[in-house]
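S.K.:
Laid out in structure tokens, this is it:
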């Protein structure tokens, strides 16, 4: 059977090709990509086509472009990881502020039913499970449990330094060679469960916002399952949508 003819513009096909090479590990997070002229020569396309392909990949968050320095594979630097995935903003001034973390638990244990379903694990498989409380000006802000497939983490330890905040995606990328490409959040309004109220520092039954997040790597494999209970007394959950020209239908 012959494959259907791909009638996408040349720059879209080139963007897909470069993306596949990034996913395949040919270029790692933070690495400088070959210049536009070099890729144009290798792929036998125009420099303009390469430039448009880089624009597509930049819009997808896979590369970052720096005038005078070149194009780099995107990495989850602290700033990018924080601003991209931390959604709570102060209700009065709209600012995101980095909370202070208290790590309550690190363990390697058998995945529970919710973790197995979210991470596509078989019965009996292990996860690396974290629990932390996040405060702002000493006030409880977020309480969360986070699980990763043990096979992707191994013996690496998250939050083992003395930093005031520990960013999950920087840990995954820098220590585990796992890059998060997208996350899915499901939100529910609920009352704070009694079994976590004490650790959170809020009374049981306090109104909170619960998010259940699944994070996916560049191959689309789920590598993170996170449950976050958020105090929204003085904060809003802000979700921003940005459109980038990709040359493909959405």
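In the UniProt record's numbering, the protein residues as written are 1 to 250.
Where a beta carbon is used, it is the ideal one built from N, C-alpha and C, also for glycine.
Bear in mind the structure is a predicted one, so any value in this text is a computation, not a measurement.
1. Could you give the DSSP three-state label for residue 92: helix, strand or coil?
2. So residue 183 is in the beta strand (DSSP E); what residue range does that whole segment cover?
3. Mapping DSSP to helix, strand and coil, what is residue 232?
4. Between the Cα of residue 158 and those of 135, 131, 183, spot the shortest distance and give me the residue it belongs to.
5. What residue range is occupied by the uninterrupted alpha helix (DSSP H) comprising residue 42?
6. Going straight from the alpha carbon of residue 21 to that of residue 27, what length do you get?
7. Got a sec, what are the start and stop residues for the beta strand (DSSP E) residue 100 sits in?
8. With a floor of 3 residues, list each beta strand (DSSP E) that falls wholly inside the segment 45 to 78, ordered by position along the chain.
9. Please look up how many angstroms separate the CB atoms of residue 225 and residue 118, rounded, as I've assumed it's under 8 Å.
10. Give the single residue among 191, 146, 17, 233 whose Cα lies nearest to the Cα of residue 172.
11. With which residues is residue 223 paired in a DSSP beta bridge?
12. Going by the DSSP bridge assignment, what does residue 155 pair with across the sheet?
13. So for residue 201, helix, strand or coil by DSSP?
14. From residue 101 to residue 134, what does the alpha carbon distance come to, in whole angstroms?
15. In this structure, does DSSP put residue 173 in helix, strand or coil?
16. Would the beta-carbon of residue 189 be found less than 7 Å away from any heavy atom of the ligand ATP?
17. Since residue 205 and residue 191 should fall inside the 8 Å C-beta cutoff, what is the C-beta to C-beta distance between them, to a whole number of angstroms?
18. Does the structure place the segment 104 to 112 close enough to the segment 54 to 66 that three or more beta carbon pairs sit under 8 Å?
19. Classify residue 283 as buried or exposed, calling it buried when 16 or more other Cβ atoms lie within 10 Å of its own Cβ.
20. Quick one: what's got a C-beta closer than 6 Å to residue 50's C-beta in the same chain, skipping five residues either side?
21. Tell me where the alpha helix (DSSP H) around residue 253 begins and ends.
M.R.: Taking the coordinates as given:
1. For the purposes of this step, residue 92 is taken as the residue at position 92 of the chain shown. Three-state result, residue 92: coil.
2. Residue numbering aside, residue 183 sits at position 183 when the chain shown is read from its first letter. Residue 183 -> beta strand (DSSP E) spans 180 to 191.
3. The residue given as residue 232 occupies position 232 in the chain shown. DSSP places residue 232 in coil when its eight states are reduced to three.
4. As a working mapping, residue 158 is identified with position 158 in the chain shown. Comparing Cα positions, the closest option is 131.
5. Residue mapping note: residue 42 aligns to position 42 of the chain shown, counting from 1. Where residue 42 is concerned, the enclosing alpha helix (DSSP H) stretches over 36 to 43.
6. As a first step, residue 21 is located in the chain shown; it is residue number 21 there, counting from the start. As a first step, residue 27 is located in the chain shown; it is residue number 27 there, counting from the start. If I take the Cα positions, the gap works out to 7 Å.
7. Numbered from its first residue, the chain shown carries residue 100 at position 100. Taken as a continuous stretch (DSSP letters only), the beta strand (DSSP E) holding residue 100 covers 100 to 110.
8. 63 to 66, 70 to 73
9. Counting from 1 along the chain shown, the entry for residue 225 is found at position 225. Counting from 1 along the chain shown, the entry for residue 118 is found at position 118. Contact holds; Cβ gap of about 4 Å.
10. One-based indexing of the chain shown puts residue 172 at position 172. Comparing Cα positions, the closest option is 146.
11. The residue given as residue 223 occupies position 223 in the chain shown. The partner list for residue 223 (beta bridge, DSSP) is empty, contrary to what the question assumes.
12. Here the question's residue 155 lines up with position 155 in the chain shown. Answer by DSSP bridge pairing: none, since residue 155 is not bridged.
13. Within the chain shown, residue 201 is the residue found at index 201, counting from 1. It is coil, neither helix nor strand.
14. Sequence index remark: in the chain shown, residue 101 carries index 101 (1-based). Sequence index remark: in the chain shown, residue 134 carries index 134 (1-based). Using only the alpha carbons, I get a separation of about 5 Å.
15. Counting from 1 along the chain shown, the entry for residue 173 is found at position 173. Helix.
16. No copy of the ligand ATP appears in this structure; indeed no ligand is present at all.
17. Mapped onto the chain shown, residue 205 falls at position 205. Mapped onto the chain shown, residue 191 falls at position 191. With 8 Å as the limit, residue 205 and residue 191 qualify as a contact, their Cβ atoms being about 5 Å apart.
18. no
19. The structure shown has nothing for residue 283, since the chain only spans 1 to 250.
20. Stepping through the chain shown from its first residue, residue 50 is reached at position 50. 36, 39, 40.
21. For the chain, the structure presents residues 1 to 250; residue 253 sits outside this window and is missing.
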